[in-house]
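The sequence shown begins at 1 in full-length UniProt numbering and counts up one residue at a time.
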Amino acid sequence: MIYHQLALNVPLYSLLTYAHPTALPAGTRVAVRFRKRLVAAIVWESNVQPKIDINKILPIETILSEDWQLPADWRALLSFTARYYHYPLGQAVMAALPKGLRQPEAVPLPHQELMYTLSTSGRLQPPPPARFHKQHALWQCLQSAPVTLQQLKAKHTQATNYLNQWQQQGWVQAKPVPVCGSIPASPYQLNQQQQHASTLIQAKFGQFAPFLLYGITGSGKTEVYFDIMAKVLQQGRQVLFLLPEINLTPQLMQRVRQRFPSTVTVILHSQTAAGQRTSNYLQAALGQAALVIGTRLAVFTPMHNLGLIVVDEEHDYSFKQESELRYQARDLAVWRAQQINCPIVLGSATPSLESWYKAQQGAYQLLQLSERAHASAQLPQIHLLDIRRLPLDNGLSDVIKQKLQANFANGGLSMIYLNRRGFAPALFCTACGHIFGCPNCSAKMVLHQHAGQLRCHHCDFHQRIPHCCPECGNQDLTAVGQGTQRIEEYLQHLLPDARILRVDRDNTAHRHDWAAIYSKIMQRQIDILVGTQMLAKGHDFPHLNLVVVLNADNSLYSADFRAPERLFAELMQVSGRAGRANYKGEVWVQTRQPEHKVYQALSTQNYVTFATAELAERQELCMPPFSHMAAIRADAKTMREAQELLRQALQGIEQQQSLPTSVSTFGPVPMLMARLAGYERAQIFLESKNRRDLHHSITIWHSWLQHLEKIYPHTRWLIDVDPLEM
Ligand code: ADP
Ligand code: ZN
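Laid out in structure tokens, this is it:
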């Protein structure tokens, strides 16, 4: 018997040993029994010395992938991921696989499509006589150009039969369809900065080289990506293109199809249907797809011959997964590029301070695009409107009202952007001041007037709008805070003839909702857009020329040290929506703190000013990127229980072991969002300038938590490395 170490979907930090008569190559998918259930597993190592009684070792039941293994670089990526994020390897491995490959069932490998031509010897053969209509027509078809089986089958009955016969005779040749067909030239001549960026990246093909492509919205970053992608694809290598879900728009896909019409491209995101995802995944792994476009989970796609990774909007929070395996796809992408020796391009108009700092340090090469690519596109003008002494009507000052009226009269498109924090309307009792909160979360319930409901935006809880206050019985309940609905109603009253469209979670739940909204806007059926974050990203409305930002100040009061960075990126992005193509745009920001560094940098649209000031502050406070952090979290039915586990672990560690001196510990403290879905959440932060020390202390914490979880069975814990949530 040969013993194998297998990765299974179990919460164990070590691998499990199973036996098989022959040695199976690492990366093979197999089915085994675990607690009587048949489950899928991946061979991690074979020919190992069993550490347990060999009579207790179970056999491998079936081999699910005889002809294909998960490649070595993929396994290395997963081993690193599990180690770095302190997560059970087997569970990390399963999280990185599409559902189809997580089942204990064999999956047929996708076939590469075949393309038929008459072979050279075939040309010597006389065509089938014209009286055999079908054969004659098929032959004619093959004579003109190589055609795929699918194309032939569509037009000719019995095509498969004849093709098989002719192939056996040697008259016809079948070759796999090239995964990267010819790539037409770009319709644009790259400008000097774009060309410079592209040349520098190309010089590093075939080696690890991280680039930070910093360019304002509309500066032509995407064209730079496309240019280098074309070069890599033409070399016969694959490209992995990662982007936030919200940016994976039909417009982007259309641009990709136009630029790479005959390149086999697959998409991987959370909404790809399970079967499709498995087949896309395998196509990438087998080298049958040349271009893989996807969201964070696509970073785990095995690739046959990867030559370039692009991470667009690298600052976006959606690259961090905030449940189960808490990984940062951008960071893993950089690790992956290093491991397989290929360049990686991180692009953004507002890079994360982590990446910006690395570029300042010289760890990443900085490439800059400082102007809008389109000659006619101008940067919008940004105005800060100090509202400290201005009367507001439903949140709007007179200046803004006039701007909106004038723009409507001139036939322009306006957008009201509501900062998402603290903007949702809550229901409040005018007599006793009671505010309706979610019974499960530390969040106010959000008033959805049209649906007649109060809803929690953090869990599923919802209820009908109550008639009276549960505290005092008063029936006079009013809404506080402005939601998108209220602004919409007010604007309709202000501009009765304007066509107003509210864009929020309620009307964009489905993919095609967005497509419909988009085409409505593009066909100029809308005058004013009202919405939150969703409006900030990904979509271009060339005729948008007035953007109004309301209540952004709320973010400045947040206890999260990343709040200013996040707000700045968000506002730059919204501002970037205005003034594309031939329209000059204006942005108006209502604020009570116009002197704040976020707004000052915004008004001059100067990311560098902001990043420099913010980094100086982070350095002083010794915050990331000047230190590394991890959060140890616990949640339980009560805050006391949640904190107790953390406190016990901390005490144990302090008494029995010494953590590296570079590591500081803060807490336990409640999380900013202390109560979520019925659980109270507490955390301890570990912080160190030295990553190795930090990881060493996480390991110590980890073993204490595993030990204590038996004593506190009702408290769940987790480790979040490089946390974004506070
Ligand atoms: P970004 O990705 O930085 O937002 P895009 O690549 O989408 O910018 O470019 C913005 C607009 O400018 C697009 O409409 C694009 O087609 C156009 N564009 C990009 N590069 C050029 C160029 N070199 N010449 C002319 N137009 C360009
Ligand atoms: Zn809730």
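For every residue, glycine included, the Cβ atom is placed at its ideal position computed from N, Cα and C.
Query raised in the report: If you count every other CB in all the chains shown that lies within 10 Å of the CB of residue 188, and 16 or more means buried, which is it?
Result: In the sequence shown, counting from the first residue as 1, residue 188 sits at position 188. Residue 188 is exposed by the Cβ-count criterion.
Requested in this report: Could you tell me if the beta carbon of residue 219 falls within a distance shorter than 7 Å of some heavy atom in the ligand ADP?
Outcome: In the sequence shown, counting from the first residue as 1, residue 219 sits at position 219. Within the cutoff, so yes.
Report task. For residue 301, count neighbouring Cβ atoms within 10 angstroms of its own Cβ and tell me buried if that reaches 16, exposed if not. Result -> Working through the sequence shown from its first residue, we reach residue 301 at position 301. Residue environment analysis places residue 301 among the buried positions, since at least 16 neighbouring C-beta atoms fall within 10 angstroms of its C-beta.
Requested in this report: Would you kindly check if the distance between the Cβ of residue 293 and the Cβ of residue 265 is under 8 Å?
Outcome: On the sequence shown, residue 265 is found 265 positions in, with the first residue counted as 1. On the sequence shown, residue 293 is found 293 positions in, with the first residue counted as 1. Yes; because the gap between Cβ atoms is below 8 Å, this pair is in contact.
Query raised in the report: Across which residues does DSSP place residue 709 in a beta bridge pair?
Result: Taking the first residue of the sequence shown as 1, we reach residue 709 at position 709. Per DSSP, none; premise fails for residue 709.
**Report entry** C-alpha distance - residue 321 paired with residue 96, whole-angstrom precision
**Finding:** In the sequence shown, counting from the first residue as 1, residue 321 sits at position 321. In the sequence shown, counting from the first residue as 1, residue 96 sits at position 96. Going from the Cα of residue 321 to the Cα of residue 96 covers about 12 Å.
Report task. Please report the Cβ distance between residue 400 and residue 590, rounded to the nearest whole angstrom; I am assuming they are in contact, meaning their Cβ atoms lie under 8 Å. Result -> Walking along the sequence shown from the start, residue 400 turns up at place 400. Walking along the sequence shown from the start, residue 590 turns up at place 590. Going by Cβ atoms, the distance from residue 400 to residue 590 rounds to 7 Å, so yes, they are a contact pair.
Query raised in the report: Is it a yes or a no for the stretch 26-39 touching the stretch 61-69, going by three-plus beta-carbon pairs under 8 Å?
Result: Contact between the stretch 26-39 and the stretch 61-69 is present, because at least three Cβ pairs lie under 8 Å.
Query - Distance between residue 176 and residue 421 (C-alpha atoms, nearest Å) - result: Here the question's residue 421 lines up with position 421 in the sequence shown. Here the question's residue 176 lines up with position 176 in the sequence shown. Here the model assigns residue 421 a pLDDT of 48, short of 50, so the residue's position is not dependable, and the following value carries that caveat. Our two residues, residue 421 and residue 176, have alpha carbons roughly 53 Å apart in a direct line.
**Report entry** Extent of the continuous beta strand (DSSP E) run through residue 164
**Finding:** Working through the sequence shown from its first residue, we reach residue 164 at position 164. No beta strand (DSSP E) holds residue 164; the alpha helix (DSSP H) holding it covers 159-169.
Report task. Could you tell me if residue 86 is buried or exposed, where buried requires 16 or more neighbouring beta carbons within 10 angstroms of its beta carbon? Result -> Taking the first residue of the sequence shown as 1, we reach residue 86 at position 86. Per the 10 Å Cβ criterion, buried.
Query - DSSP three-state assignment for residue 248, whether helix, strand or coil - result: Counted from its first residue, the sequence shown places residue 248 at position 248. Correct three-state label for residue 248: coil.
Report task. Would you kindly check if the distance between the Cβ of residue 414 and the Cβ of residue 497 is under 8 Å? Result -> For the purposes of this step, residue 497 is taken as the residue at position 497 of the sequence shown. For the purposes of this step, residue 414 is taken as the residue at position 414 of the sequence shown. No, these two residues do not count as a Cβ contact at 8 Å.
Report task. Have a look at 699, 640, 650 and flag the residue whose alpha-carbon is nearest the alpha-carbon of residue 674. Result -> Indexing the sequence shown from 1 puts residue 674 at position 674. Per the Cα distances, 640.
Query raised in the report: So is the beta-carbon of residue 222 under 7 Å away from any non-hydrogen atom of the ligand GDP?
Result: With respect to the ligand GDP, the structure offers nothing, as its ligand set consists of the ligand ADP and the ligand ZN.
**Report entry** Other residues of its chain near residue 60: CB distance less than 6 Å, five sequence neighbours each side excluded
**Finding:** Locating residue 60 in the sequence shown gives position 60, where the first residue counts as 1. Within the same chain, 18, 20, 30, 32 come within 6 Å of residue 60 by CB-CB distance, once the 5 residues on both sides are set aside.
Query raised in the report: Got a sec? Which residues, its chain only, sit under 6 Å from residue 706 by beta carbon, not counting five neighbours each side?
Result: For the purposes of this step, residue 706 is taken as residue 706 along the sequence shown, with counting starting at 1. Once the five neighbours on either side are set aside, residue 706 has no close Cβ partner at all.
Report task. Using a Cβ cut-off of 8 Å (strictly closer), state whether residue 156 contacts chain C. Result -> In the displayed structure, chain C is absent; only one protein chain is listed.
Query raised in the report: Roughly how many angstroms lie between the CA atoms of residue 232 and residue 226, to the nearest whole one?
Result: For this step, residue 232 is matched to residue 232 along the sequence shown. For this step, residue 226 is matched to residue 226 along the sequence shown. A direct Cα-to-Cα measurement between residue 232 and residue 226 gives close to 10 Å.
Query raised in the report: Would you say the beta carbon of residue 690 comes nearer than 7 Å to a heavy atom of the ligand ADP?
Result: Start at 1 with the first residue of the sequence shown, and residue 690 comes out as number 690. Distances taken from the Cβ of residue 690 to the heavy atoms of the ligand ADP include none shorter than 7 Å.
Query raised in the report: Just the Cα atoms here: how many angstroms apart are residue 359 and residue 366?
Result: Start at 1 with the first residue of the sequence shown, and residue 359 comes out as number 359. Start at 1 with the first residue of the sequence shown, and residue 366 comes out as number 366. Approximately 6 Å between the Cα atoms of the pair.
Report task. Report buried or exposed for residue 468, applying the criterion of at least 16 other Cβ atoms within 10 angstroms of its Cβ. Result -> Residue numbering aside, residue 468 sits at position 468 when the sequence shown is read from its first letter. In summary, residue 468 is exposed, with fewer than 16 beta-carbon neighbours lying within 10 Å of its beta-carbon over all protein chains present.
Query raised in the report: Which value, in whole angstroms, describes the spacing of the CA atoms of residue 100 and residue 299?
Result: Indexing the sequence shown from 1 puts residue 100 at position 100. Indexing the sequence shown from 1 puts residue 299 at position 299. So the two alpha carbons sit approximately 18 Å from each other.
Requested in this report: Spatial neighbours of residue 711 within its chain, please: CB distance less than 7 Å, with the 5 preceding and 5 following residues excluded, ordered by chain position.
Outcome: On the sequence shown, residue 711 is found 711 positions in, with the first residue counted as 1. Counting only Cβ-Cβ distances below 7 Å, and skipping sequence neighbours, we find nothing.
**Report entry** Nearest-angstrom beta carbon gap, residue 488 and residue 549 [assumed within contact, 8 Å]
**Finding:** Walking along the sequence shown from the start, residue 549 turns up at place 549. Walking along the sequence shown from the start, residue 488 turns up at place 488. Contact doesn't hold; Cβ gap of about 16 Å is too wide.
Query raised in the report: Going straight from the alpha carbon of residue 651 to that of residue 709, what length do you get?
Result: Stepping through the sequence shown from its first residue, residue 651 is reached at position 651. Stepping through the sequence shown from its first residue, residue 709 is reached at position 709. Near 15 Å, if we compare the C-alpha coordinates of residue 709 and residue 651.
Requested in this report: Taking residue 352 as the reference, give the member of 52, 661, 336, 328 with the closest Cα.
Outcome: On the sequence shown, residue 352 is found 352 positions in, with the first residue counted as 1. In terms of CA proximity to residue 352, 328 leads the group 52, 661, 336, 328.
Report task. Kindly list the residues whose CB is nearer than 6 Å to the CB of residue 471, restricted to its own chain and excluding five residues on each side of it in sequence; keep chain order. Result -> Mapped onto the sequence shown, residue 471 falls at position 471. The answer, listed in chain order, is 432, 434.
Query raised in the report: Any heavy atom of the ligand ADP closer than 7 Å to the Cβ of residue 247?
Result: Residue mapping note: residue 247 aligns to position 247 of the sequence shown, counting from 1. No, since every heavy atom of the ligand ADP falls outside the 7 Å radius drawn around the Cβ of residue 247.
Query raised in the report: Should residue 498 be listed as close to the ligand ADP, given that the test is whether its C-beta is under 7 Å from any heavy atom?
Result: Counting from 1 along the sequence shown, the entry for residue 498 is found at position 498. Not so, every heavy atom of the ligand ADP lies at least 7 Å from the Cβ.
Requested in this report: Just list the beta strand (DSSP E) runs in the stretch 232-320, keeping only unbroken ones of 3 residues or longer that don't cross its boundaries, in chain order.
Outcome: Runs of beta strand (DSSP E) with 3 or more residues, each lying fully within the stretch 232-320, are found at 238-242, 265-268, 291-294, 306-312, listed in chain order.
Query raised in the report: From residue 207 to residue 579, what does the alpha carbon distance come to, in whole angstroms?
Result: Residue mapping note: residue 207 aligns to position 207 of the sequence shown, counting from 1. Residue mapping note: residue 579 aligns to position 579 of the sequence shown, counting from 1. For the pair residue 207 and residue 579, the Cα-to-Cα distance works out to about 39 Å.
Query raised in the report: In the DSSP assignment, what residue or residues form a beta bridge with residue 217?
Result: Translated into positions along the sequence shown, residue 217 becomes position 217. Bridge partners of residue 217: none, in fact.
Requested in this report: Go ahead and pull the three-state DSSP assignment for residue 144.
Outcome: In the sequence shown, residue 144 corresponds to position 144, counting from 1. Looking at residue 144 - three-state DSSP - the assignment turns out to be helix.
Query raised in the report: If you draw a straight line from the C-alpha of residue 202 to the C-alpha of residue 213, how long is it?
Result: Counted from its first residue, the sequence shown places residue 202 at position 202. Counted from its first residue, the sequence shown places residue 213 at position 213. Near 14 Å, if we compare the C-alpha coordinates of residue 213 and residue 202.
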